[in-house]
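As C-alpha cells, the structure follows; a few thoughts come after it.
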C-alpha cells in the first residue's frame, strides 16, 4: 500500500530558537523547534458528502458547524446523574474533554476535505487480498482471551498514543494534539502530548537490524535544503493497528514511512508523509 498525505502542523505556543534568524538554529540547521498542533476537523479519508479535495469557505464553515453539532449531541447524550438505557455503553468523555479542532485545515489558503492527497479520491488504497489476510490475523489475535495486561492493546494500556498520535505518521485525534520539537546537533526530538511519546530522530546513519523494533519504529533523517526528511522502519508488531474514532488504518512491521517537514511560515510547518507497506 502506497499513499501520500498532506497536513499542516499549526504553531500553537512559542519558539525555543534564540538565533537572529528564527528559521535557523545556532549551529546552522533549519529551525523547526516549538510547540505545534495538528488539531483539525479534516479526517484521514474524505467523507462521502465531499466530492473534491478542496472546498469553498462556505462549505468549510458548514462542515465545521455540522461536526460541532454532531459531536455535542453524541458526547452529551446523558445528563449528569442520568442512568443509561439498559444494554447501552455508559460512554466515556463528554465534550469538555475533547479538543479535535474547530475547522477543516487549510493548505495555502484552501480548505481540505481529507488528509490523504493521493490517491485523488482521498481513500486508503488497500490491496484487498493482503489487507483481508492481515486483518483476519489481527482480529484473531484481538479476540483471544486476555489473561494478563500485557496481552491488551498498547494504545489501550497507554504504552503509546492511540490513533497513531505519536507517529509515524503523526495523526490528529480527539484531544492532546500538540507536539514539541527540540533540535540539537545530529538529532531532532519530537514529543507528542498524547502519552508523551518521544521520538528521537538521528540525522545520518543507518537503521539497526530488523529485530530491533522500538514502539515508534526506528527513525533516521537528513536535510534536503530546508526540508527535514525522515525515514522510519522496524515497526513493532504490537503497534500495527492505528485506528481511532475518526480514522482506521494499520502499519505492518515491514512498512517504510517517509516524512517531510518544511517550515513555510513563522507559525506553520508543512507535514507530508508517504507510506510504503508491502503487506497491506
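Residue numbers (the UniProt record's numbering): 1 to 280.
Quick reminder that beta carbons are idealized off the backbone N, C-alpha and C, glycines included.
Going by DSSP, name the residue or residues bridged to residue 106.
On the chain shown, residue 106 is found 106 positions in, with the first residue counted as 1. Residue 106 is bridged to 111.
Do the CB positions of residue 107 and residue 269 come within less than 9 Å of each other?
As a first step, residue 107 is located in the chain shown; it is residue number 107 there, counting from the start. As a first step, residue 269 is located in the chain shown; it is residue number 269 there, counting from the start. Result no, Cβ atoms of residue 107 and residue 269 do not sit closer than 9 Å.
Less than 9 Å separating the beta-carbons of residue 164 and residue 251?
Counting from one through the chain shown, the residue named residue 164 turns up at place 164. Counting from one through the chain shown, the residue named residue 251 turns up at place 251. Yes, Cβ-Cβ distance for residue 164 and residue 251 is below 9 Å.
Residue range of the beta strand (DSSP E) that residue 36 falls in?
Position 36 of the chain shown holds residue 36. Per DSSP, residue 36 belongs to the beta strand (DSSP E) from 34 to 37.
In angstroms with no decimal places, state the Cα-to-Cα distance between residue 124 and residue 175.
Taking the chain shown and counting its residues from 1, one reaches residue 124 at position 124. Taking the chain shown and counting its residues from 1, one reaches residue 175 at position 175. One C-alpha to the other measures close to 23 Å.
Tell me where the beta strand (DSSP E) around residue 218 begins and ends.
Walking along the chain shown from the start, residue 218 turns up at place 218. Element bounds for residue 218: 218 to 224.
Would you identify the three-state DSSP class for residue 255, choosing helix, strand or coil?
Taking the first residue of the chain shown as position 1, residue 255 is located at position 255. Residue state, collapsed to three classes: coil.
Could you spell out where the beta strand (DSSP E) holding residue 249 opens and where it closes?
Residue numbering aside, residue 249 sits at position 249 when the chain shown is read from its first letter. Careful: residue 249 lies outside any beta strand (DSSP E) and carries neither H nor E.
Report the three-state DSSP secondary structure of residue 233 (helix, strand or coil).
What you label residue 233 is simply residue 233 of the chain shown in a count that begins at 1. Note: residue 233 maps to strand in three-state DSSP.
Between the Cα of residue 112 and the Cα atoms of 218, 261, 54, which residue gives the shortest distance?
In the chain shown, the residue the question calls residue 112 occupies position 112. Among 218, 261, 54, the Cα nearest to that of residue 112 belongs to 54.
Please state the DSSP three-state secondary structure of residue 165.
In the chain shown, counting from the first residue as 1, residue 165 sits at position 165. Three-state result, residue 165: coil.
In this structure, does DSSP put residue 178 in helix, strand or coil?
Position 178 of the chain shown, counting from 1, holds the residue named residue 178. If DSSP states are grouped into helix, strand and coil, residue 178 belongs with the strands.
Compute the distance between the beta-carbons of residue 272 and residue 228, then report whether it is under 9 Å.
Taking the chain shown and counting its residues from 1, the one referred to as residue 272 is at position 272. Taking the chain shown and counting its residues from 1, the one referred to as residue 228 is at position 228. Not a contact, by the Cβ cut-off of 9 Å.
Grab the span of the beta strand (DSSP E) containing residue 118 for me, first residue to last.
For the purposes of this step, residue 118 is taken as the residue at position 118 of the chain shown. First-last of the beta strand (DSSP E) with residue 118: 116 to 118.
Which residues does DSSP pair with residue 190 in a beta bridge?
Within the chain shown, the letter at position 190 stands for residue 190. Residue 190 pairs with 181, 199.
Given a threshold of 16 other Cβ atoms within 10 Å of its Cβ, counted over all protein chains shown, does residue 148 qualify as buried or as exposed?
Position 148 of the chain shown, counted from the start, is the residue given in the question as residue 148. Residue 148 should be labelled exposed.
How should residue 183 be labelled, buried or exposed, when 16 other C-beta atoms within 10 angstroms of its C-beta is the threshold for buried?
Along the chain shown, one-based indexing puts residue 183 at 183. Per the 10 Å Cβ criterion, buried.
Counting Cβ pairs closer than 8 Å, one from the segment 228 to 238 and one from the segment 190 to 209, do we hit at least three?
With a cut-off of 8 Å, the segment 190 to 209 and the segment 228 to 238 count as touching, because enough Cβ pairs lie within range.
Give the C-beta separation of residue 153 and residue 161 to the nearest angstrom, bearing in mind that I take them to be a contact with Cβ-Cβ under 8 Å.
Position 153 of the chain shown, counting from 1, holds the residue named residue 153. Position 161 of the chain shown, counting from 1, holds the residue named residue 161. Actually they do not touch by this definition, with Cβ atoms about 12 Å apart.
Name the DSSP beta bridge partners of residue 54, please?
Counting from 1 along the chain shown, the entry for residue 54 is found at position 54. Bridge partners of residue 54: 112.
Hey, is the segment 204 to 212 in contact with the segment 120 to 135, meaning 3+ C-beta pairs nearer than 8 Å?
The answer is no - the segment 120 to 135 does not touch the segment 204 to 212, with fewer than three Cβ pairs under 8 Å.
Here's the rule: buried if 16 or more other CB atoms are within 10 angstroms of the residue's CB, otherwise exposed. What is residue 46?
Against the chain shown, residue 46 aligns to sequence position 46. Answer is buried; the Cβ neighbour count reaches 16.
Have a look at 159, 248, 145 and flag the residue whose alpha-carbon is nearest the alpha-carbon of residue 214.
Position 214 of the chain shown, counting from 1, holds the residue named residue 214. Of 159, 248, 145, the residue nearest in Cα terms is 159.
Could you check the C-alpha separation between residue 48 and residue 63 for me, to the nearest Å?
As a working note, residue 48 is residue 48 in the chain shown. As a working note, residue 63 is residue 63 in the chain shown. Rounded to whole angstroms, residue 48 to residue 63 spans 13 Å at the Cα level.
Suppose contacts are defined by Cβ-Cβ distances below 9 Å. Is residue 27 in contact with residue 185 by that definition?
For the purposes of this step, residue 27 is taken as the residue at position 27 of the chain shown. For the purposes of this step, residue 185 is taken as the residue at position 185 of the chain shown. Yes. Within cutoff.
Less than 6 Å between C-beta atoms, sequence neighbours within five positions excluded: which residues of the same chain meet that for residue 254?
The count along the chain shown starts at 1 and reaches residue 254 at position 254. Cβ within range, chain order: 278, 279.
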